[in-house]
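**Q** For the record, the sequence lines run as chains A and B. Per the numbering used here, the first sequence starts with residue 14, numbered consecutively. Per the numbering used here, the second sequence starts with residue 43, numbered consecutively. All C-beta atoms, glycine included, are put in the ideal place defined by N, C-alpha and C. Here it is: the structure, laid out below.
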Amino acid sequence: MTHPTGPDALLVLEDGTAFRGAGFGAEGEAFGEAVFNTGMAGYQEVLTDPSYRRQIVSMTAPHVGNYGMNDEDGESDRVQVAGFAVREASRRASSWRATATLRDRLREAAVVGIEGIDTRRLTLRLREAGAMRAAVSTVDLDPSSLADRVRAGPGMLGMDLAADASCSEPYEASAVVGTVKPPDDSRMAPVFRVAAFDFGIKRNILRLLHENACDTVVFPARTPASDVLAGGFDGVFLSNGPGDPAATTYGIEAAGELVDAGIPVFGICLGHQLLAHALGGATYKMRFGHRGVNQPVIDTHTGRIEITSHNHGFAVDPEAWTDREAIEDARSEGPPAQGDPVRATAVESPGSGTVVLNRWNLNDGTLEGLRCERAKAFSVQYHPEAAPGPHDARHLFDSFRDLMANA
Amino acid sequence: MPRRDDIGSILVIGSGPIVIGQACEFDYSGTQACKVLRQEGYRVVLVNSNPATIMTDPEFADATYVEPITAASVLQVIERERPDALLPTLGGQTALNVAVALAESGVLDRLGVRLVGAGLDGIRRAEDRRLFVKAMDEAGLPLPRSGFAHTTDEALAVADTLGYPVIVRPSFTLGGRGSGLAADPESLARIAGEGLAASPITEVLVEESVAGWKEFELEVMRDGRDNAVVICSIENVDPMGVHTGDSVTVAPAMTLTDREYQAMRDAALACIRAVGVETGGSNVQFAVSPDDGRMVLIEMNPRVSRSSALASKATGFPIAKIAAKLAVGFTLDEIPNDITGETLAAFEPALDYVAVKIPRWAFEKFPGAEARLSTTMRSVGEVMAIGRTFAEALGKAYRSLERPEFTFGADGLPAQRTLDEVADPLAGLAVAGEHRLLMVERALADGHSVEEVAAASRIDPWFVDQVGSMAEAAASVRGRALATLSPGRLRAAKRAGLSDRRIALLTGSRERDVRAARRHWRIEPVHKTVDTCAGEFEARTPYHYSTYEESTEVRPATRPRIVILGAGPNRIGQGIEFDYACVHAAFALREAGFETVMVNSNPETVSTDYDTSDRLYFEPLTAEDVLAVCAAERPAGVIVQLGGQTPLAMAAELARAGVPILGTQVASIDVAEDRRKFGSLLADLRIPTPAHGTATSVEEAETVAERIGYPVIVRPSYVLGGRAMDIVYGPEDLDVFVREAAAANPDHPVFLDRFLEGAIEVDVDAVCDGDDVLIGAVMEHIEEAGVHSGDSSCVIPPPTLSDDELDVIESTVLTIARALAVRGLLNVQLAIRDDVAYVIEANPRASRTIPFVSKATGVPLAKIAALVLAGRSLAELRDRGLAPANGTGYRSLPHVAVKAAVLPFGRFPGADTVLGPEMRSTGEVMGIGEDLGTALAKAQEGAGVTLPAGGAVFVSVANRDKRSIVLPVGRLAQMGFRVLATRGTASVLARAGVPAEPVAKRSEGSPNAADLIEAGDVQLVINTPFGRGPRTDGYFIRTAAARAGVPCITTIPGLVAAVQGIEALARGSGEPRSLQFRQLRTAEAAAGGRGSARGPRGVAGSDADVTIGSGVLDPALIASPGGEGGKGST
Ligand SMILES: Nc1ncnc2c1ncn2[C@@H]1O[C@H](COP(=O)(O)OP(=O)(O)O)[C@@H](O)[C@H]1O
Ligand SMILES: Nc1ncnc2c1ncn2[C@@H]1O[C@H](COP(=O)(O)OP(=O)(O)O)[C@@H](O)[C@H]1O
Ligand SMILES: [Mg+2]
Ligand SMILES: [Mg+2]
C-alpha cells in the first residue's frame, strides 16, 4: 500500500527522535528496545523468535509481508516482538502456503505495527547512537510526552527475560517435531538423549536436533543442573533467549555445574554467553548488535568463512580472560585478513583449563565462538539452525553429535 | 593466500561489438578487470574489436589488440605476446567460446598459457547441456524433464514422452537464440528446425515447459578456498517463457519465503560447486511453481553476465572487479569492500531499497518481425531505477526509458490510444508484449480483479497489486486542478512513483507547474545511498538515488562540482560511444581538480561504476530528476553535450530553471537542432546545403517537395537515429511518410530536403574552444549518403578525398563552429557531390565516432573536450602537451582504420535487411591494418560477417547498378568464385566476359536463389533493391541470406569494399599490432620520427624493441590507470 490508510501512529526513541507513520496490526501502545534487522526475507521467523521479547523490531528491507504468514515457518507458537516498524506492510499475501496476511496476524496477536516511516533514518540513528528504549503508539501522538514515558521505563541492560520466555514444564521435543527415527546410515548410528535448557528456544533448533538423531527433552530455564545430570542424558543444549546474559544468573550456574560434571554441552547465542560466563569470561552490551542473515564468520581452525544468521545485542568479551596468547591455526600461514589478526586465541578458565576462542566476525572482529577441550563444551554466538538465514553453519549439529559420541 | 606470482602476464578477451544478448555490460566488466589486474602489477594484454569501449583505450592495458574476437586472431596475439594466463570469463559468451576452442585445440598447453577464472572442465559442464544435466543429477539438483534431439523426428519423439507444451533449447547459442515454446507437434517441428540450424553442433534439448512459473536468478561468487556467497537475488516480474533479458526484473526477490529462498541459495551454491567454477562470478537461474512451490534449476552461466552487471549496480558489490582478483589467487576475505571501507568482500549484500530493471526494445525499427516477447532475447538495452518501494522504483524506471508514450496510464498519449483500441485487456495480457504492464493497469482500471489479471498474464499477484496501487494514486489525482490538490495527496502520488509529467497530464497542467507546486509545499525528494549493508556500516562512496523520504545523505563537497549527464539506456542510435565520452570527461575533470558528479540510468555501463566519478546518482535522465540532483549538489556547471540526444534535448529546460550549462550554450544548440534555423544560418554563411523546407501537413509537404524536386528525404527534427525518416520518390508515398513522422514527435514540424543521390558521405568530429578548432578527423563513409552514417562503414584516413577537398571540409567546420560559438565537441555531417561539400547536419555534442577517432589517431578527443568545457583554451592545452601541437595527423596515419556497423537482423527474422536513412545497427567494430583491404576484412570479420575466400556468389542487382558490378564481380571470378546471377544480370556479365550461370527468380519457380541460399550452395549474396516492401524477389533473397548467415551486400560501394577485403584475405592480413605500438608509430610520424616515446612504464614483451617516449604526447595521457596513485584516475 503506497499511501497507508491506517490510524496515525508515532514511533519515538528515548532521545526524542520521532517518526510519524500509519498504524497497522493492533492499535494501542508498545514499549521496548528499538533494534533493526537487515534480513530481506524471513519476517515470520523474526516475529516469532522469543529472543526479540521486549524489543521493537524495525526491518531495513522496505517491503514486509509480501508472502503473508503461514502455519509452518513460526519459530514459536506466537508473535513475540513488542512492536514492529516497516516502510510498507503488504496489503495482500502472495504465496501458496499463506494462511493469513501480516496485518491480520499482528492484530490477532495484539502487537502494534507502524508503517510508512523512513526506516533507514531510524537505522542510521540506532547505528550512531546505539540501540535504545522506544515506544510505538496510536494513542499518544505527542513526541515529547511519549518520549518522557519511554525514559521512565527500564532498558535492556541487567534485564532477566529468559525465564519468562521459557516453558513452564519439561516436555518431550517429539511432541513438537515428531519422534526420532533410528538413523539409517551408520555414521548416525546411536540415537542420543539430549536435555535442552529452554531460555526462549527457537523451534528450528528442535527440528535440527531431531534430524541429527537427538531425542530431546526440553527443560524450563530455572531447572537445576542436578536434575538434568540425574536424567542420564548424553549431552546438554543451552538455548538462545532474550535479555542480559549477566542477569541470567541461574543459567550461568547451571552451565558451570554441567561443565564441571564433564557432560558434553552445546550452546547457541544466549547459551554461548552463559557458557562463557561459566568458563570465567564476561559479556558486554554491543552498540546496536548483530541482527541479520549476512554476517561473515571465520573458523580459525579450518579457515573457512560462513555466512551466518544473527540476533544478539550482547557479546562475549575476549579481553575478559587475562591469561591469553595467540596460537597457531589454519590461518597462520597467510597474512592476517583485514584489520587485527584473526587468530585463534587460547585463554585459561579457572578450573576448566584452556578455552579456545575459535570463531570471529569478519565485519567487526566480534567473538563468535569458543571451545573448551577439557569441559567437552563448545558454543557459537550466531544461529546455525538459521530460520531465518543461510544454512552454511548447520554442520555444528553434527559436531555436537561427534562431541557426544567421543565423550 | 595472496595473488599468484607464478604468472606475470594475463590475456583478457573482450566481448566485441554490442549485439542483442551481449551488450556493453562486458565493457563494464572487462574495464574493471583490466584496471584491477594492472593495479596488482600484472602485464595485461587485451583483445577486443570494439573501439567504443573504455577498455580498448590504450591506458587500460599494456598491449591492446583491436582485432576480431575469433580463435584465429586471438591465437595470433597469443603467439606474439606469449601471455602466461588467459582470463575468459569477463567477455561474455564470445570470449568463453573462443577460449574453449583454443583450449580444446591444445594450443594453450603447447604455448604454456593457463586458463584462470574458470577451468576447461567447468566451462564444458556449464555450456554442454548434456554434461550439465549429468552434473546436476549427480548433485541431486532438480531440472525440468528433458531429452536431446539432433533431428526434428527425434525432437517429436522426446516431446511425446514429456507431453506438450515443450521448449526447444539449442546447444551453444546465446541469448536464447533459436529457442522457442511449442504447444503442439506442428509448431515443434518448425521451432526444432530453427533450433537445429542455430546450434553450431545441430543439437537441441527438448524440455518440459514450465512456462508461467516464477523465474529467479542468483548471482553467486566463489573463491579458490571454496568460500561461496550470494551477491544478489533477482526476481523476474515476467513469468518463465519470457527471456530474463526481455523481462522486467526486480532486486531483491520479493515473493519468496525464507525457506524457499534458502533452498534456492543452497541449490545455487551446490550448482557452482558441481559444475566446478573455481573462482569468480556465476549466474544461476531457477523456476518456481506458484501453485505448489516446486523448484527446478534452469541454467547457469559460469561467467560474468548481463545480470551480474545489473547485480553489481543494484547492490554496490563490484562483481567483475572482485572476480578478477579471485582469478589471480585472492580469497574473498582478502579483498576490502570499497563502499564501507571497513568490511570485506566476504559477505552478502543487504538491500534497504528496491532496484527495478526494464528492457528497452526497438521493434518499430524492424517492421515485419513479430513484436511478441519469447524465450529469445530481443531487447537492445535496459534501464535500472532505485527507490525505497517497488512502486517508486517502477515509476522511475518507466520515465528512464525516455519513451513519452510509454508511461503508466499514458493519459491521452499514443500508447493510451493503442490501449483504447484493445477491446479486452485480459486477452491482450495472454500474449506478453512490450506494453504488458500498461495493459495490467488498464485491466485493473476496467474493474478486473488482481486474481483475474494475474491468471491472464501469469504475473505474480503481488506485482499486479503494486501496479494497482499506482493506478489508485493516479485516480486520486485525475481530473483535479493542481491548485486544489492537498499537499498530502500530492506527496502520496510522488511516493507511489508518479512522475511530475504524469501528474501534469492527470491535472491538465504543465510539468513545471507541478514542480513549482511541489517546491511550494516543500515536497522534494531526498537522496539516499547504495551502501551494500542496509545502513549497518557507514558508506564512504557517495553512490546515491532519489526517494520521497525524510532524511538526505548528500555530504557537502570540498571542490567545485561538475555534473555530467549520461546517455541513458542503450538503443539503436545511442549506444556506449556516448558513455565513452562521459567517462573520459569524468577522468579528465577529476584530474583538473573538480569533483565529478555522474547522472545516468544505464546499469550496463562504465559511467555507472561508482569508481568512475567522485559522486554517482543512479537516476532517470529527465528534467525532474536532474534538477533534483542539481538542487542537492549546486554544481558549478552541467555538461549536456556528451550523452547524445537525451541530455541535449533537456538543455533548454535546465537552463530555464537556472542551471549553468557548460560548453555550447542553449541558443546555439537550438539553432543546430532546428533544421529551419540551421538552414538559414548556413545560407547566411554561404555554406552549401541541400534545398530544404518545412511542413506541418501533407498539403504543405507536397508543395515544398515540388519546389525542391524529388527525390526528397522526409524527417522530424529533434529525433536521433533517423527515426521515422525515409526517402520519397514521388507525391504518393509522401502522404504516408508525413503522417508517420508526425506520430514519432507530434510537437515539431516535419522537415524535407533534397536527397543527394550517389553523394559521398563525410563525418567530422572536432573540438572548439569558441575560436580555435582541433579537427579530430574527417571520416569518409563507404556507403553513399542515404544509408544512415550509423549503419555505414567509415575510414580514416579518408581514402578518396583530395587534400583540397579536405581543406574545404575543415574550413566549413571551422566556420560553423565559430558561428555557433561552439565550446566543446562538434560533429558535422556532409555529402560531397559534383565537387560541392553540402552540409547535412551539425550536432553540437559528442558523436558515435568519438572513440573510433581517438583510437585511430591516438588523440583523446573526449578528454581534450572536457578540459575545454572546464575553461581551458586549445592553445593552453597544446602548450601543456595535453593536445597535439599540429593536428591529429589523421590525413597521413601509418595505418588504415575502418569502423563497421553490426546489424541485428539475425534476431528479427522477416525484417528486410536493406539499409536506409533510419539507423538499425546495435554496435560497431574497428578493423586496423596496413592497407584498406586488410582493415576492411578485419572490420567485417569482427562484425560477424566472415567474407568467404571462395565458393559461389549470387548476384542480382537493379538495372541502374548493372554497369557498376561488372568490374568487382569480374575480379571475384578471377579469384575463382563461381558466379550465379538472375537472367538480366547474367547477360550483362556475360557480354563483359564474366562467366555467370543463370538462376531462376522466385517468380520463375524453383530452384530459385532463395532455395540455393537455404541449401548452403551460396557463400556470398550481392543484391541491390529494385524497390521496397516485403513482396519483392529481393526481400526473399535477402531474408534467406540473413537466416542462413550468408553475407549479403546491398550497395555497390559495399560490394567494392568487400572485394578489396577478400583480396586482402587472399594476401594474408599480416601480424596483429597493438594499439600502443601503432600510436607510438603515429606519434613518431607526426613528430617527423624524432626521438623515441618513453612512458612511465616501458612496454615489455614483443614491442620492447621500441619504448614509448614523451615525443609529442604527454606521458600523463598514456599513464596506466591507477598505477600511479589515485583510485582509478587516469
Ligand atoms: N523449461 C522451460 N519452460 C519454459 N520456459 C523456459 C524453460 N527453460 C527456459 N525458459 C525460458 O527461456 C529463457 C531462456 O532460457 P535460458 O536457459 O536462460 O537460456 P539463455 O542461455 O538464453 O539465457 C529463460 O529466461 C526462460 O524464460
Ligand atoms: N539531403 C540528403 N541527401 C542524401 N542523404 C541524406 C540527406 N540527409 C540525410 N541523409 C542521409 O540520412 C542519414 C541520416 O540523416 P541525419 O540528418 O544525419 O539524421 P540523424 O540525426 O539521424 O543523424 C545521413 O547519415 C545520410 O546518410
Ligand atoms: Mg538464461
Ligand atoms: Mg546524422
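#1: At what residues does the beta strand (DSSP E) containing Asp179(B) begin and finish?
#2: Per DSSP, Gln616(B) is paired with what?
#3: Here's a check: name, in chain order, each residue in its chain whose Cβ is nearer than 6 Å to the Cβ of Ala599(B), leaving out the five neighbours to either side.
#4: Please work out which residues of its chain come closer than 8 Å, Cβ to Cβ, to Val792(B), disregarding the five sequence neighbours upstream and downstream, and give them in chain order.
#5: Nearest by alpha-carbon distance to Thr297(B): which of Phe258(B), Ala859(B), Arg749(B) is it?
#6: Could you pull out every residue in the same chain whose Cβ sits closer than 6 Å to the Cβ of Phe413(A), ignoring the five residues on either side in sequence?
#7: Does the Cβ-Cβ distance between Gly147(A) and Val163(A) come in under 8 Å?
#8: For ligand 2, I want to know if Ser722(B) counts as a neighbour, meaning its beta carbon is within less than 7 Å of at least one of the ligand's heavy atoms.
#9: Spell out whether any CB of chain B is found under 8 Å from the CB atom of Trp334(A).
#10: Three-state secondary structure (DSSP) at His285(A)?
#11: What did DSSP end up calling Ala925(B) once you bin it into helix, strand or coil?
#12: Please report how far the alpha carbon of Leu115(A) lies from the alpha carbon of Val125(A), in whole angstroms.
#13: If we cut at 8 Å on Cβ distances, does Lys1169(B) have a partner in chain A?
#14: For Gln687(B), which residues does DSSP report across the bridge?
#15: Below 9 Å on C-beta distance, what does Pro156(A) contact in chain B?
#16: If contact means a Cβ-Cβ distance below 7 Å, which residues of the segment 160 to 173 of chain A contact chain B?
#17: Closest by CA to Ala665(B), which one among Asp163(B), Arg441(B), Thr654(B), Leu816(B)?
#18: Report yes or no: is there a C-beta of chain A within less than 8 Å of the C-beta of Glu424(B)?
#19: Below 7 Å on C-beta distance, what does Phe432(B) contact in chain A?
#20: Whose C-beta lies closer than 8 Å to the C-beta of Pro183(A) among residues of the same chain, with five residues either side of it excluded?
#21: Near Phe49(A), which residues of its chain fall below 6 Å by C-beta distance, leaving aside the five closest residues on each side in sequence?
#22: Drop a sphere of 10 angstroms on the beta-carbon of Trp5(A), count the other beta-carbons inside from all chains shown, and report buried for 16 or more, exposed for fewer.
#23: So, is the C-beta of Trp504(B) closer than 8 Å to a C-beta in chain A?
#24: Nearer than 7 Å: is that true of the beta carbon of Glu261(B) relative to any heavy atom of ligand 6?
#25: By the DSSP assignment, the beta strand (DSSP E) with Leu247(B) in it spans what residues?
#26: With DSSP as the reference, please indicate the residues paired to Ser188(B) in a beta bridge.
#27: Using a Cβ cut-off of 8 Å (strictly closer), state whether Ile379(A) contacts chain B.
#28: Got a sec: is the Cβ-Cβ distance from Glu224(A) to anything in chain B below 8 Å?
#29: Quick check on DSSP: helix, strand or coil for Val495(B)?
#30: Using C-beta distances below 6 Å, list every residue in its chain close to Ala1185(B), excluding the 5 sequence neighbours before and after it, in chain order.
#31: Between the segment 299 to 311 of chain B and chain A, which residues of the former have CB atoms less than 8 Å from a CB of the latter, in chain order?
#32: When you check each C-beta in the segment 387 to 400 of chain A against every C-beta of chain B, which residues fall closer than 8 Å?
#33: Please work out which residues of its chain come closer than 8 Å, Cβ to Cβ, to Val92(A), disregarding the five sequence neighbours upstream and downstream, and give them in chain order.
#34: In angstroms, rounded to a whole number, what distance separates the CA positions of Ala912(B) and Gly800(B)?
#35: Does any residue of chain D have a CB that is nearer than 8 Å to the CB of Arg267(B)?
#36: With respect to the beta strand (DSSP E) encompassing Met306(B), which residues constitute its N-terminal and C-terminal limits?
**A** Walking through what the data contain:
#1: First-last for Asp179(B): 171 to 180, but that is the alpha helix (DSSP H), not the beta strand (DSSP E).
#2: Arg613(B)
#3: Glu637
#4: Thr736, Ala737, Thr738, Ala743, Val756, Arg757, Pro758, Val780, Ala783, Ala784
#5: Phe258(B)
#6: Phe279
#7: Checking the sequence, you will find Ala at residue 147(A) rather than Gly. Yes, they are a contact pair.
#8: No - ligand 2 has no heavy atom lying nearer than 7 Å to the Cβ of Ser722(B).
#9: no
#10: helix
#11: coil
#12: Put simply, the backbone Cα of Leu115(A) is about 12 Å away from that of Val125(A).
#13: At Lys1169(B), the pLDDT of 29 sits below 50, so the modelled position is not reliable and the matter cannot be decided from this model.
#14: Paired residues: none, contrary to the question.
#15: None at all; the shortest Cβ gap to chain B is about 14 Å.
#16: none
#17: Arg441(B)
#18: no
#19: His76
#20: Val230, Val231, Phe232, Pro233, Thr236
#21: Excluding positions up to five away in sequence, the list reads Ser71, Thr73, Thr136, Leu139.
#22: Residue 5(A) cannot be examined here, being either before or after the span of chain A that is shown, 14 to 420.
#23: yes
#24: This structure simply doesn't include ligand 6; it includes ligand 1, ligand 2, ligand 3 and ligand 4 instead.
#25: 246 to 250
#26: Glu249(B)
#27: Residue 379(A) is actually Thr in this sequence, not Ile. No, Thr379(A) does not count as interfacial toward chain B.
#28: no
#29: Helix at Val495(B).
#30: Beyond the ends of chain B as shown, which are 43 and 1172, falls residue 1185(B); an answer cannot be given.
#31: Thr299, Asp300, Arg301, Tyr303, Gln304, Arg307, Asp308
#32: Ala399, Ala400
#33: Leu60, Thr61, Arg118, Leu119, Ala122, Val124
#34: 41 Å
#35: Reference to chain D is not applicable here, since the protein chains of this structure are A and B.
#36: No beta strand (DSSP E) holds Met306(B); the alpha helix (DSSP H) holding it covers 300 to 317.
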